[in-house]
Amino acid sequence: MRIGYKLSSEGFGPNEIIRQAVRAEQVGFDFVEMSDHFHPWLDSQGHSSFTWTVLGAIAARTDRLELATGVTCPSVRYHPAIIAQAAATLALVSDNRFTLGVGAGERLNEHVVGQGFPGARGRHERLREALEIIRLLWSGGYRSYEGKHLQLDDARVFDLPDELPVIAVAASGEASVTIAAELGDGLFATEPEADLVQTYQRLGGQGPRYAEVPLAWAPDEQQAVRAAWETSRWAVTGWKVMSELPNPVNFDAASRTVTEDDIRQQFAVGPDPDVHVQAVRTYVDAGFDHIVLQNAGPDPDGFLDFFQDVLATRLRSLG
567 MRIGYKLSSE GFGPNEIIRQ AVRAEQVGFD FVEMSDHFHP WLDSQGHSSF TWTVLGAIAA
627 RTDRLELATG VTCPSVRYHP AIIAQAAATL ALVSDNRFTL GVGAGERLNE HVVGQGFPGA
687 RGRHERLREA LEIIRLLWSG GYRSYEGKHL QLDDARVFDL PDELPVIAVA ASGEASVTIA
747 AELGDGLFAT EPEADLVQTY QRLGGQGPRY AEVPLAWAPD EQQAVRAAWE TSRWAVTGWK
807 VMSELPNPVN FDAASRTVTE DDIRQQFAVG PDPDVHVQAV RTYVDAGFDH IVLQNAGPDP
867 DGFLDFFQDV LATRLRSLG
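For the sequence shown, the numbering used here begins at 567 and goes up steadily by one.
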């Protein structure tokens with residue numbers, strides 16, 4: 567089992583994210599995973615730096631820490647040719663420490679380029695075409711592609727690593743799991759759903775299985791709950807809401823009815839390591855082998871110390 571630390575591009579500025587990544591390596595995390603947003607979920611989060619620049623800086627300031635996007639949509643705000651080039655470059659400058667996590671996207675980030683945002687079927691069609699384009703460009707040479715939604719005209723990625731990045735595809739149902747098994751090298755999920763893993767493997771998927779575990783650490787449980795409510799209550803609204811709302815103000819309105827009890831049900835909160843270990847165990851038992859700790863607590867350094875001093879040994883015993 568590999569253990570990762572979630573870097574929140576929405577919650578912190580770029581220099582602070584780089585600092586946290588360096589500390590994550592120091593305290594023993596195997597990898598970091600960074601969200602790729604144009605907007606934060608809530609205005610109270612207040613940040614949204616360019617993930618690819620930040621990951622490049624992290625690669626330069628770390629030695630063994632693996633990197634991942636969690637996740638990038640390569641089909642609306644970005645053209646897949648740009649992601650193919652960016653991921654290949656990051657693989658080179660990180661000495662093959664990079665995993666490309668991709669997904670179908672959220673309106674929050676993708677509507678900004680003025681091309682609209684498709685429904686679920688259209689998003690999956692675009693994601694499939696995007697992955698076909700990335701694979702095509704990574705095969706070398708000048709390439710063209712004519713799809714239903716996406717096109718490529720006589721393009722070549724000149725700087726390709728000897729070892730291409732793993733592509734982990736975000737999935738929440740059979741349609742996206744099928745794409746992960748057919749066109750990806752790994753699976754990415756946010757729920758401890760054993761059915762996702764089983765379907766992925768039944769369809770031929772054999773790669774790493776990433777999952778984010780929502781935590782909120784603080785020395786006091788109520789402090790942890792309050793911090794998670796203030797910055798992360800959007801996560802309780804569910805994927806059908808999360809994928810469709812266009813701006814932080816909409817997420818603020820949609821999540822105002824979320825209660826602290828709702829936070830307690832979805833997040834492992836407080837200082838008790840048993841609570842956090844049990845939360846991770848549900849994902850390990852579901853078949854995930856790359857566990858991302860997504861801390862919504864108020865003190866990142868306190869959480870990193872907690873991981874080093876208490877949590878790491880216990881979590882590694884699960885795998």
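Quick reminder that beta carbons are idealized off the backbone N, C-alpha and C, glycines included.
The straight-line gap separating the alpha-carbon atoms of Ala734 and Asp725 is approximately 21 angstroms. Distance between Ala760 and Asp851, taken at the CA atoms: about 8 angstroms. By the criterion of at least three beta-carbon pairs nearer than 8 angstroms, the segment 686 to 706 is not in contact with the segment 761 to 769. Boundaries of the alpha helix (DSSP H) harbouring Asp761: 760 to 768, taken from the DSSP string.
Between Leu753 and Arg775, the beta carbon gap of about 5 angstroms places them in contact (Cβ cut-off 8 angstroms). With respect to Thr628, Glu599 sits apart: the two C-beta atoms are not nearer than 8 angstroms. At a Cβ-Cβ threshold of 8 angstroms, Thr665 and Ala634 count as neighbours. Cβ atoms of Leu781 and Phe854 stay farther apart than 8 angstroms, at about 15 angstroms. The Cβ atoms of Leu702 and Arg709 lie closer than 8 angstroms to each other. The three-state secondary structure of Tyr711, taken from DSSP, is strand.
Taking 8 angstroms as the cut-off, the Cβ atoms of Asn813 and Leu658 do not count as close. Just so you know, the alpha carbons of Val593 and Lys572 end up roughly 14 angstroms apart. The beta carbon of Met567 sits closer than 6 angstroms to the beta carbons of Asp855, Gly885 from its chain, once the five residues preceding and following it are set aside; these are given in chain order.
Contact check for Gln651 against Glu778 fails: the beta carbons are separated by 8 angstroms or more. Between Ile700 and Ile649, the C-beta spacing is below 8 angstroms.
Looking only at Ala686, Ala623, Thr638, the smallest Cα-Cα distance to Ser660 is reached by Ala623. Only residues of its own chain outside the window of five on either side were considered, and among them Pro640, Ala696, Ile699, Ile700 have a CB closer than 6 angstroms to the CB of Pro646, listed in chain order.
Of the residues His677, Asp875, Phe683, Leu769, the one whose Cα lies closest to the Cα of Glu740 is Leu769.
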